[in-house]
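Protein chains in written order, with our numbering: chain A, 3 to 202; chain B, 4 to 159; chain C, 62 to 93.
Just so it is clear, CB atoms sit at the ideal spot from N, CA and C, and this is done for glycine as well.
Please read all numbers here as calculations on a predicted model, not as lab measurements.
Below is one structure, written out as structure tokens; comments come after it.
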């Protein structure tokens with residue numbers, strides 16, 4: 003099972019394994035290049051000794067022998083180095099949290115709690131809208147009440163005005179004076195009738 | 004620190020590699036040439052080793068520069084230092100982006116909720132005052148209507 | 062695999078901040 007070391011990649015911007023692979027390939031290339039160089043230098047030196055019996059294929063064999071030996075040690079040493087680097091240098095200890103993830107430490111919310119919180123926010127928004135609408139309706143009624151109150155007060159004023167007129171003309175209690183008036187009117191009618199009869 | 008450790012580990016690797024590929028080993032592989040030209044063999048070997056070491060070191064410097072490793076190592080050392088008294092394993096991405104992002108948004112959700120609670124409370128207070136005023140207004144209007152009715156009755 | 066890991070890790074590093082910016086804008090707009 004491959005450990006993708008994703009958290010390390012989040013920090014470094016590359017996976018540690020890739021980094022090690024890149025170093026391995028580069029080192030290996032150098033080793034091969036150096037060996038090639040060594041061999042070409044030796045062959046060139048041999049040109050100076052035409053009578054010596056060392057053939058290029060023999061040199062090639064020696065190169066391969068030395069390279070094989072170096073490669074074995076190289077691989078062993080490199081995997082040791084890789085192990086140490088992946089464990090101690092290019093790794094993020096289990097108890098360490100990267101700065102960009104700090105929020106997860108401060109708010110250890112579960113998925114359910116998070117959903118509840120979202121629902122609660124939805125609900126609060128609905129409630130607020132309802133309250134705002136209710137507020138509008140209340141203000142509208144208050145406006146309406148003002149107008150109605152003004153009208154009713156006008157009517158009352160009118161009545162009061164009426165009663166003031168009566169008072170101004172000495173009839174403080176309208177009812178009595180109305181009764182008095184009616185009596186008077188009736189009396190007058192009787193007197194009138196009386197007069198008419200006499201005159202006939 | 005990590006940077007120091009990195010350099011040490013690479014140096015150790017190189018030392019051991021050179022120790023493995025000793026001059027004896029080299030001379031024994033190229034035995035006949037060595038017999039013919041021991042001095043030349045020696046200098047070729049020495050050049051081989053120093054060239055190999057300098058190439059490896061250059062490569063390491065290149066990788067460090069490319070990956071900006073010095074800076075990353077020192078900042079990681081700091082981060083690890085800060086977490087040194089934490090025992091339990093720290094949070095790691097769950098693999099479900101929605102969930103992980105959710106937690107990142109959490110502080111703002113909480114702030115938003117607090118805001119909504121506050122303005123809802125204010126609005127409710129405002130509305131209850133308005134409701135009282137409306138009820139008072141209705142009462143006043145009933146009074147006025149009653150007064151008018153009384154007057155009207157009286158006139159009637 | 063390596064590219065996927067790096068791409069995923071990069072998103073994990075960068076996107077919460079981006080999303081957060083939009084979320085905050087949304088909330089601010091809503092509050093206004």
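Take residue i as the anchor and find which of the options has the nearest alpha-carbon.
| i | options | result |
| --- | --- | --- |
| residue 26 of chain A | A/81, A/47 and A/49 | A/81 |
| residue 100 of chain A | A/9, A/201, A/202 and A/197 | A/9 |
| residue 75 of chain C | B/147, B/124, B/150 and B/107 | B/107 |
| residue 111 of chain B | C/90, C/85 and C/91 | C/85 |
| residue 146 of chain A | B/140, B/18 and B/152 | B/140 |
| residue 30 of chain A | A/72, A/50, A/148 and A/171 | A/72 |
| residue 33 of chain B | A/11, A/57, A/16 and A/13 | A/57 |
| residue 6 of chain B | B/149, B/137, B/114 and B/70 | B/70 |
| residue 17 of chain A | C/81, C/80, C/67 and C/82 | C/67 |
| residue 93 of chain B | B/82, B/101 and B/99 | B/82 |
| residue 89 of chain C | B/153, B/116, B/11 and B/148 | B/116 |
| residue 67 of chain B | A/193, A/142, A/4 and A/92 | A/92 |
| residue 137 of chain A | B/17, B/132 and B/99 | B/132 |
| residue 103 of chain A | A/113, A/13 and A/127 | A/13 |
| residue 98 of chain B | A/200, A/192 and A/6 | A/6 |
| residue 10 of chain B | A/61, A/90 and A/95 | A/90 |
| residue 69 of chain A | B/87, B/52, B/119 and B/143 | B/52 |
| residue 59 of chain B | B/135, B/13 and B/40 | B/13 |
| residue 78 of chain A | B/31, B/17 and B/39 | B/17 |
For a test of the three-state rule: what should DSSP assign to residue i, helix, strand or coil?
| i | result |
| --- | --- |
| residue 93 of chain A | coil |
| residue 123 of chain A | helix |
| residue 16 of chain A | coil |
| residue 159 of chain A | helix |
| residue 101 of chain B | helix |
| residue 62 of chain C | coil |
| residue 21 of chain B | helix |
| residue 110 of chain A | coil |
| residue 158 of chain B | helix |
| residue 63 of chain A | helix |
| residue 40 of chain B | coil |
| residue 118 of chain B | helix |
| residue 174 of chain A | coil |
| residue 5 of chain A | coil |
| residue 86 of chain B | coil |
| residue 202 of chain A | coil |
| residue 142 of chain B | helix |
| residue 181 of chain A | helix |
| residue 99 of chain A | coil |
So residue i contacts chain B; which residues on that side make the cut at Cβ distance below 7 Å?
| i | result |
| --- | --- |
| residue 92 of chain C | 118 |
| residue 54 of chain A | 39 |
Which residues in chain A sit within 7 Å of residue i, going by Cβ to Cβ distance?
| i | result |
| --- | --- |
| residue 82 of chain C | The contacting residues do not exist; residue 82 of chain C stays about 14 Å from chain A at best. |
| residue 147 of chain B | 151, 154, 155 and 158 |
| residue 136 of chain B | 144 |
| residue 42 of chain B | In chain order: nothing, as chain A lies at least about 11 Å away. |
| residue 102 of chain B | 113 |
The ligand NAP and residue i: does the residue's C-beta get closer than 8 Å to at least one heavy atom of that ligand?
| i | result |
| --- | --- |
| residue 43 of chain B | Although the ligand NAP was asked about, the structure shown includes no ligands whatsoever. |
Which residues in chain C sit within 7 Å of residue i, going by Cβ to Cβ distance?
| i | result |
| --- | --- |
| residue 12 of chain A | 70, 73 and 74 |
| residue 95 of chain A | Correct list: empty, because the minimum Cβ distance to chain C is about 17 Å. |
| residue 16 of chain A | 67 |
| residue 115 of chain B | 88 |
Using the beta-carbon count (16 or more within 10 Å), is residue i buried or exposed?
| i | result |
| --- | --- |
| residue 186 of chain A | exposed |
| residue 35 of chain A | exposed |
| residue 73 of chain C | buried |
| residue 183 of chain A | exposed |
| residue 180 of chain A | exposed |
| residue 23 of chain A | exposed |
| residue 172 of chain A | exposed |
| residue 11 of chain A | buried |
| residue 46 of chain B | exposed |
| residue 148 of chain B | exposed |
| residue 51 of chain A | exposed |
| residue 142 of chain A | exposed |
| residue 197 of chain A | exposed |
| residue 105 of chain B | buried |
| residue 130 of chain B | buried |
| residue 159 of chain B | exposed |
| residue 70 of chain C | buried |
| residue 110 of chain A | exposed |
Could you work out which residues of chain B lie near residue i, taking near to mean beta carbons separated by less than 8 Å?
| i | result |
| --- | --- |
| residue 33 of chain A | 55 |
| residue 107 of chain A | 93 and 94 |
| residue 62 of chain A | What residue 62 of chain A touches in chain B: nothing, since even the nearest Cβ is about 11 Å away. |
Quick one: which chain A residues come within Cβ less than 9 Å of residue i?
| i | result |
| --- | --- |
| residue 77 of chain B | Chain A residues near residue 77 of chain B: none, gap ~12 Å exceeds 9 Å. |
| residue 25 of chain B | None at all; the shortest Cβ gap to chain A is about 10 Å. |
| residue 73 of chain B | By Cβ distance, chain A contributes nothing, its closest Cβ being about 12 Å from residue 73 of chain B, past 9 Å. |
Could you tell me which chain C residues have their CB closer than 9 Å to the CB of residue i, listed as they occur along the chain?
| i | result |
| --- | --- |
| residue 6 of chain A | 62, 63, 65, 66, 69 and 70 |
| residue 102 of chain A | 73, 74, 75, 77 and 78 |
| residue 86 of chain B | Chain C residues near residue 86 of chain B: none, gap ~18 Å exceeds 9 Å. |
What residues from chain A crowd round residue i, counting only those whose CB sits closer than 8 Å?
| i | result |
| --- | --- |
| residue 67 of chain B | Going along chain A, no residue has its Cβ under 8 Å from residue 67 of chain B, so there is no contact; the nearest lies around 10 Å. |
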